[in-house]
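Peer 1: Once you've had a glance at the structure underneath, I'll fire off some questions.
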Amino acid sequence: MENELEDKILTILDQHQVGVLTSVQEDFPHARYMTFLHDGLTLYTPSGKELPKTEEVRRNPLVCVLIGYDGPGSAFLEINGLASLEEDESIKERVWENISKEWFQGDGSPSFVVIKIVPEQIRILNSEDDGPDTLDLIG
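All residue numbers for the sequence shown refer to the numbering used here, where the first residue is 1391 and numbers rise by one.
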């Protein structure tokens, strides 16, 4: 069942790049649309080093991502995980090659950073099944 569930999750991730990243700003959720790439179940999203979301991730790595919703009746993912700033240059290059560059001056730009999200729990919501399917990845 777990491999089948993971395949469903990967299919949704393959079909969608735009989702909502929610981090914690002081004591409140702070949500914004982001572009996501994935390697397996790990998500990557570009950001600027000076933007609030980067500082929010540094202070509190707990995040939630909603991705995949196409309208009534479409399945989507709720991904709860831990975010960090990615240091691997090959991943940064891959993300840079696959994003819109309108917000950045260049891949050598000191403002470019990649947020890495390692899921701890992924739920498929609004699916055709009897309820949300949950993939727990910790414990």
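For each residue, glycine too, the CB sits at the ideal point set by N, CA and C.
Can you give the beta carbon distance from Ala1421 to Pro1451, rounded, assuming they're within the 8 Å contact cut?
Peer 2: So it is not a contact: roughly 16 Å between Cβ atoms.
Peer 1: Starting from the C-beta of His1428, find all residues in its chain whose C-beta is less than 6 Å away, skip the five residues before and the five after it, and write them out in chain order.
Peer 2: The residues are Leu1403.
Peer 1: Are the CB atoms of Val1504 and Pro1419 within a distance shorter than 8 Å?
Peer 2: Not a contact, by the Cβ cut-off of 8 Å.
Peer 1: Among Asn1470, Val1455 and Gln1415, whose alpha-carbon lies nearest the alpha-carbon of Thr1444?
Peer 2: It is Gln1415 whose Cα lies nearest to the Cα of Thr1444.
Peer 1: What residue range is occupied by the uninterrupted beta strand (DSSP E) comprising Ile1512?
Peer 2: Run containing Ile1512: Phe1502 to Leu1515, per the beta strand (DSSP E) assignment.
Peer 1: Can you tell me whether Lys1439 is buried or exposed, with buried defined as 16 or more other CB within 10 angstroms of its CB?
Peer 2: It counts as exposed.
Peer 1: Helix, strand or coil: which one does DSSP assign to Asp1404?
Peer 2: Looking at Asp1404 - three-state DSSP - the assignment turns out to be helix.
Peer 1: Would you check if there are 3 or more beta carbon pairs closer than 8 Å linking the segment 1473 to 1490 to the segment 1514 to 1525?
Peer 2: No: fewer than three Cβ pairs fall under 8 Å.
Peer 1: Got a sec? Which residues, its chain only, sit under 6 Å from Val1455 by beta carbon, not counting five neighbours each side?
Peer 2: Correct list, in chain order: Gly1409, Leu1411 and Ile1469.
Peer 1: Ends of the alpha helix (DSSP H) at Pro1442?
Peer 2: Here the alpha helix (DSSP H) through Pro1442 covers Pro1442 to Arg1449.
Peer 1: Looking at the unbroken beta strand (DSSP E) that takes in Ile1481, where does it start and where does it end?
Peer 2: Taken as a continuous stretch (DSSP letters only), Ile1481 belongs to no beta strand (DSSP E), being part of the alpha helix (DSSP H) at Glu1479 to Glu1487.
Peer 1: Exposed or buried, Tyr1423, counting other C-beta atoms within 10 Å across all chains shown (16 or more means buried)?
Peer 2: Exposed, since its Cβ has fewer than 16 Cβ neighbours within 10 Å.
Peer 1: Have a look at the DSSP bridge pairing and note the partners of Asn1393.
Peer 2: In DSSP, Asn1393 forms no bridge with anything.
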